Structures are given as structure tokens and as C-alpha cells.
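Undergrad: Count along the sequence shown from 1, then add 3; that gives the number in the working numbering. Glycine included, every Cβ here is placed at the ideal spot set by N, Cα and C. Predicted, not measured: the structure shown is a model, and the values here were computed from it.
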Amino acid sequence: MPTSVDLVLLVAAHNEEAALPLLHLRLLSVAEGLGPGVRVLYVDDGSRDGTWALLEGFSRDEPGRVGVLRLSRNFGKELALTAGLDHVPPGAAVVVLDADGQDPPELVPAMVARWRAGAEVVFGRRISRVGESWVKRASAAAFYRVINALSDTPIPRDTGDFRLLGPRAMAALRGLRERQRFMKGLFAWVGFRSEAFDYERAPRLAGNSKFNYWRLWNLALEGITGFSTVPLRVATYVGLASALLAFLAGLAIIVRTLLWGDPVAGWPSMMAVISFLGGLQLMALGVIGEYLGRLYLEAKQRPLYVVDEAHLPGA
Ligand code: UDP
Ligand code: MG
Numbered sequence: 004m005p006t007s008v009d010l011v012l013l014v015a016a017h018n019e020e021a022a023l024p025l026l027h028l029r030l031l032s033v034a035e036g037l038g039p040g041v042r043v044l045y046v047d048d049g050s051r052d053g054t055w056a057l058l059e060g061f062s063r064d065e066p067g068r069v070g071v072l073r074l075s076r077n078f079g080k081e082l083a084l085t086a087g088l089d090h091v092p093p094g095a096a097v098v099v100l101d102a103d104g105q106d107p108p109e110l111v112p113a114m115v116a117r118w119r120a121g122a123e124v125v126f127g128r129r130i131s132r133v134g135e136s137w138v139k140r141a142s143a144a145a146f147y148r149v150i151n152a153l154s155d156t157p158i159p160r161d162t163g164d165f166r167l168l169g170p171r172a173m174a175a176l177r178g179l180r181e182r183q184r185f186m187k188g189l190f191a192w193v194g195f196r197s198e199a200f201d202y203e204r205a206p207r208l209a210g211n212s213k214f215n216y217w218r219l220w221n222l223a224l225e226g227i228t229g230f231s232t233v234p235l236r237v238a239t240y241v242g243l244a245s246a247l248l249a250f251l252a253g254l255a256i257i258v259r260t261l262l263w264g265d266p267v268a269g270w271p272s273m274m275a276v277i278s279f280l281g282g283l284q285l286m287a288l289g290v291i292g293e294y295l296g297r298l299y300l301e302a303k304q305r306p307l308y309v310v311d312e313a314h315l316p317g318a
């Protein structure tokens, strides 16, 4: 009789052929140490290198323990993780790890121990950001400050996707089917008893990071628009404030004209005011556009991802 699955180690990979062989051995030994109910699940997020061939090999070697899932193209890490989470058997807990070894698998048993002791969510928190440029550190700090000021869901800082989710948190997460996904926010949104787990983030085993500044900026926009409508409200207040200023300026002009007459002047200041207000209006439209665009994507009701091929344990 097959043992029931109680824990799945989930890894999303995009062009990680250089790092995966090393990681796989470490994952297998951790899985073995944790007992018979542990599975490894890989999601190939539209890789163009040898990643899929490697993963297929892994599942052929250990069909009962290793599952693999291939998306039809590159959907991005957030959706690749969603695809993986959807294929975790109900009732199992999951640990999400990066494919590049930056989240050390050897820490999983300690996370599992916290879960068994009662925590439903155990999230990894980086205690150092060595090896990251000051630009990345400063922008990360600014991002957490902004999003936590704007969002009703507090998002713990310096956390990545490295975390353990218990079966109840998993069930709640499965109910969130939004298309524009910011996983860190969704993980935080489901709540439950959550504990931070401090760890040193290791350097990449091999290959290069897939997240450049432009992708990070877009992820940050996704996070802010997904978890806050404050930017929409800001336009209202900026508008109110500038209307008040304009009213006061109008009063001043009337008084000045009554007292000293009306020598035609002030073209430069008028241009300055017009272009300033034009800029404000475009900016407010842009903010509305960001939300409208996301509403449009949501309204189309497309599936979140498309699975090309899957080899799952017990299937
Ligand atoms: N990843 C993915 N799809 C993508 C980009 C990245 O599944 O489109 C995976 C990647 O293979 C890795 C994880 O997401 O397992 C984190 O990516 P990366 O190491 O490039 O990001 P960083 O650690 O630099 O933030
Ligand atoms: Mg990485």
C-alpha cells in the first residue's frame, strides 16, 4: 500500500540545467531523511536548455518519489509556483525552494520541526544580503517600506518564497485564483500561525539570476497594485490640494488686480501652472490605467498556466 504524501518539496526552474543536478542530490537526501511520505515536485517553467531532459531523468530514476511538470512556455516564477501548488495532493504540506540552491534544502527538517510544533506557516527570512549590490539592498528596503505603508496585509521584509505551508494554509491559498499574482503577498494574506525562520541565503550554485531590475520593478508594481488601492486615492487628494492652491492663488490675483490694476503679465507662471497640472493629470491617468489594465486581464478569465506534460508519483 502506498504511503500517504505528507510533505512536498516544490521547485520551480527556468533554464537551471547547471544547478539542478547538484540540488537534486541534496533534495533527495533531505527527502529520505524525512521519511517515506515526502515527495519532490519540479516545475519546468518553459526552459530552453536541457532542464526538462534532466527533470524527466530524475522522475524516471525515482518515479515514486519525484514528480515533474512542464509548462507549455515561460509563465514566470509566480505562475510556475502556482502550477506546482495546484499539483500538491490535498492534505500535504509543502516547502517552496529555488532551483539554484539559494534556499538550502538542509534547513527543511528544522522547518518541518517548527510545523510539527504547531506553526502552520514557517517562512524563511534572510539575515544577510551579502553578495547583493547596494542598489538591490536599497531598492528592496524601499519596496518593503512602501508596500507595508500602503497594504492592509503586512508583508514581512526580507522574505522570499522559501517557506513551509501546512495543509490548511495550502487549502486557503488554492482559493486565490487571481491572475496577477504576487506570491509573497498571497502567502501573507492567508494568515494562520506564522513563524519566521532566519537563514543565510547561499550564493547561486551556477548560472545567473533571472530577475533583472526591470523584472523586479514590475514585480514590485504587481505587489503594490495587488495589495493596495491607496495609489488610486492619492490622485483624489493631490487633486483636492491643487484645487485648493489654485483657489487661493485666484483670490490673490483678484486682490492684486483690484489694488494695482492689471498689467498683462505672468505668461511664464501660467505656462508653469498649466504644464504642472497637465503632468499631474497624466500621472493620475497612468495610475488608473495600471489598475484598469489588471482588471482587464482579470476579466478575460484565462487559465493561469498551461501544462504541457506531467509525470506525477502515483499517476
Ligand atoms: N524562475 C522561474 N521562472 C522564471 C524565472 C525564474 O521558475 O521565469 C525560477 C528560477 O529557476 C529559480 C527561482 O525562480 O529557481 C529564482 O530565480 P533567480 O534565482 O533567478 O532569482 P533571484 O534568486 O536572483 O532572486
Ligand atoms: Mg536565485
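1. Cα separation between Ala175 and Ala56?
2. Is there at least one non-hydrogen atom of ligand 2 closer than 7 Å to the beta-carbon of Gln304?
3. How is His90 classed by DSSP in three states: helix, strand or coil?
4. Measuring straight from C-alpha to C-alpha, what distance separates Glu181 and Leu300?
5. By the DSSP assignment, the alpha helix (DSSP H) with His323 in it spans what residues?
6. Let me confirm a value: Asp64 is counted as buried when at least 16 other C-beta atoms fall within 10 Å, else exposed. Which label applies?
7. So which residues put a beta carbon under 6 Å from any heavy atom of ligand 2, going in chain order?
8. Whose C-alpha, out of Arg68, Asp48 and Val8, is nearest the C-alpha of His27?
9. Across the region 285-295 and the region 33-49, are there enough close Cβ pairs to call them in contact, namely three or more that are closer than 8 Å?
10. What did DSSP end up calling Leu208 once you bin it into helix, strand or coil?
11. For Ala15 and Gly87, which I take to be in contact (beta-carbon distance under 8 Å), what is that distance rounded to the nearest angstrom?
12. Going by DSSP, which residues form a beta bridge with Phe126?
13. For Gly289, name the three-state secondary structure that DSSP assigns.
14. Leaving out the 5 sequence neighbours to the left and right, which residues in its chain are closer than 6 Å to Val233 when beta-carbon positions are compared?
15. Near Ser131, what residues of its chain come up, given a Cβ to Cβ distance below 8 Å and the 5 sequence neighbours on each side ignored?
16. Would you give the residue range spanned by the beta strand (DSSP E) that Asp101 belongs to?
17. Measuring CB to CB, does Leu167 end up less than 8 Å from Met114?
18. Report back the beta-carbon spacing between Tyr45 and Leu58 to the nearest angstrom; my notes put them in contact at under 8 Å.
19. How about Pro157 and Ala191: do their beta carbons lie closer than 8 Å?
20. For Thr47, which of helix, strand or coil comes out of DSSP?
21. Is the distance from the Cβ of Ala313 to the Cβ of Leu84 below 8 Å?
22. Could you check if Gly127 belongs to the surroundings of ligand 1, using beta carbon to heavy atom distance under 7 Å?
23. What separation, rounded to the nearest whole angstrom, lies between the Cα atoms of Phe146 and Val43?
24. Counting only the same chain and skipping the five closest in sequence on each side, list residues whose C-beta sits under 6 Å from that of Ser231.
25. Using 10 angstroms around the beta-carbon of Phe200, count the other beta-carbons present and answer buried if the total reaches 16, otherwise exposed.
26. Determine the extent of the alpha helix (DSSP H) in which Arg117 is found, giving its start and end residues.
27. In the DSSP assignment, find the alpha helix (DSSP H) that holds Ala16 and state where it starts and stops.
28. Leaving out five residues before and five after Ala144 in sequence, what residues of the same chain have Cβ atoms less than 8 Å from its Cβ?
29. Can you look up Val69 in the DSSP assignment and give me helix, strand or coil?
30. Would you grab the beta carbon distance between Arg128 and Thr162 for me? Rounded to a whole angstrom, and I think it's under 8 Å.
31. From what residue to what residue does the alpha helix (DSSP H) around Val149 run?
32. Whole angstroms is fine: what's the gap from Leu23's alpha carbon to Thr54's?
TA: Result, derived from the coordinates:
1. One-based indexing of the sequence shown puts residue 175 at position 172. One-based indexing of the sequence shown puts residue 56 at position 53. Those two C-alpha atoms are separated by around 33 Å.
2. Here the question's residue 304 lines up with position 301 in the sequence shown. Incorrect: Gln304 has no Cβ contact closer than 7 Å to ligand 2.
3. Start at 1 with the first residue of the sequence shown, and residue 90 comes out as number 87. Three-state DSSP puts His90 in coil, outside helix and strand.
4. Residue 181 sits at position 178 when you count from the first residue of the sequence shown. Residue 300 sits at position 297 when you count from the first residue of the sequence shown. Those two C-alpha atoms are separated by around 10 Å.
5. The structure shown has nothing for residue 323, since the chain only spans 4 to 318.
6. By one-based count along the sequence shown, residue 64 stands at place 61. The residue is exposed, with fewer than 16 neighbouring Cβ atoms inside 10 Å.
7. Asp101, Asp103, Gln105, Arg207 and Ser212
8. Here residue 27 corresponds to residue number 24 of the sequence shown, with the count starting at 1. His27 has its Cα closest to that of Arg68, out of Arg68, Asp48 and Val8.
9. no
10. Locating residue 208 in the sequence shown gives position 205, where the first residue counts as 1. Coil.
11. Here residue 15 is taken as the residue at index 12 of the sequence shown, counted from 1. Here residue 87 is taken as the residue at index 84 of the sequence shown, counted from 1. 6 Å between Cβ atoms; contact.
12. Residue 126 sits at position 123 when you count from the first residue of the sequence shown. BP columns for Phe126 point to Arg166 and Ala199.
13. Numbered from its first residue, the sequence shown carries residue 289 at position 286. Reduced to three states, the DSSP call for Gly289 is helix.
14. Position 230 of the sequence shown, counted from the start, is the residue given in the question as residue 233. Leu153, listed in sequence order.
15. Here residue 131 corresponds to residue number 128 of the sequence shown, with the count starting at 1. The residues are Glu203 and Arg204.
16. Along the sequence shown, read from residue 1 onward, the residue named residue 101 stands at position 98. Its beta strand (DSSP E) spans residues Ala96 to Asp101.
17. The sequence position of residue 167 within the sequence shown is 164, counting from 1. The sequence position of residue 114 within the sequence shown is 111, counting from 1. Contact: yes.
18. For this step, residue 45 is matched to residue 42 along the sequence shown. For this step, residue 58 is matched to residue 55 along the sequence shown. Right, their Cβ atoms sit about 5 Å apart.
19. Position 154 of the sequence shown, counting from 1, holds the residue named residue 157. Position 188 of the sequence shown, counting from 1, holds the residue named residue 191. Yes. Within cutoff.
20. One-based indexing of the sequence shown puts residue 47 at position 44. What sits at residue 47 in the sequence shown is Asp, not Thr. Of the three classes helix, strand and coil, the one that applies to Asp47 here is strand, per DSSP.
21. For this step, residue 313 is matched to residue 310 along the sequence shown. For this step, residue 84 is matched to residue 81 along the sequence shown. Not in contact: Ala313 and Leu84 (Cβ atoms no closer than 8 Å).
22. Your numbering for residue 127 matches position 124 in the sequence shown. Every heavy atom of ligand 1 is 7 Å or more from the Cβ of Gly127, so no.
23. On the sequence shown, position 143 is the one that residue 146 refers to. On the sequence shown, position 40 is the one that residue 43 refers to. Taking the straight line joining both Cα atoms gives about 32 Å.
24. Taking the sequence shown and counting its residues from 1, the one referred to as residue 231 is at position 228. The residues are Leu153 and Ser154.
25. Numbered from its first residue, the sequence shown carries residue 200 at position 197. Classification of Phe200: buried, given that the 10 Å Cβ count is 16 or more.
26. For the purposes of this step, residue 117 is identified with residue 114 of the sequence shown, where counting begins at 1. Here the alpha helix (DSSP H) through Arg117 covers Val111 to Arg119.
27. Here the question's residue 16 lines up with position 13 in the sequence shown. Element bounds for Ala16: not the alpha helix (DSSP H) but the beta strand (DSSP E), Leu10 to Ala16.
28. Position 141 of the sequence shown, counting from 1, holds the residue named residue 144. Here the set comprises Arg160.
29. Within the sequence shown, numbered from 1, the residue matching residue 69 stands at position 66. Strand.
30. Position 125 of the sequence shown, counted from the first residue, corresponds to residue 128. Position 159 of the sequence shown, counted from the first residue, corresponds to residue 162. That pair is a contact at about 5 Å.
31. By one-based count along the sequence shown, residue 149 stands at place 146. Here the alpha helix (DSSP H) through Val149 covers Trp137 to Leu153.
32. As a working mapping, residue 23 is identified with position 20 in the sequence shown. As a working mapping, residue 54 is identified with position 51 in the sequence shown. Whole-angstrom Cα-Cα distance: 8 Å.
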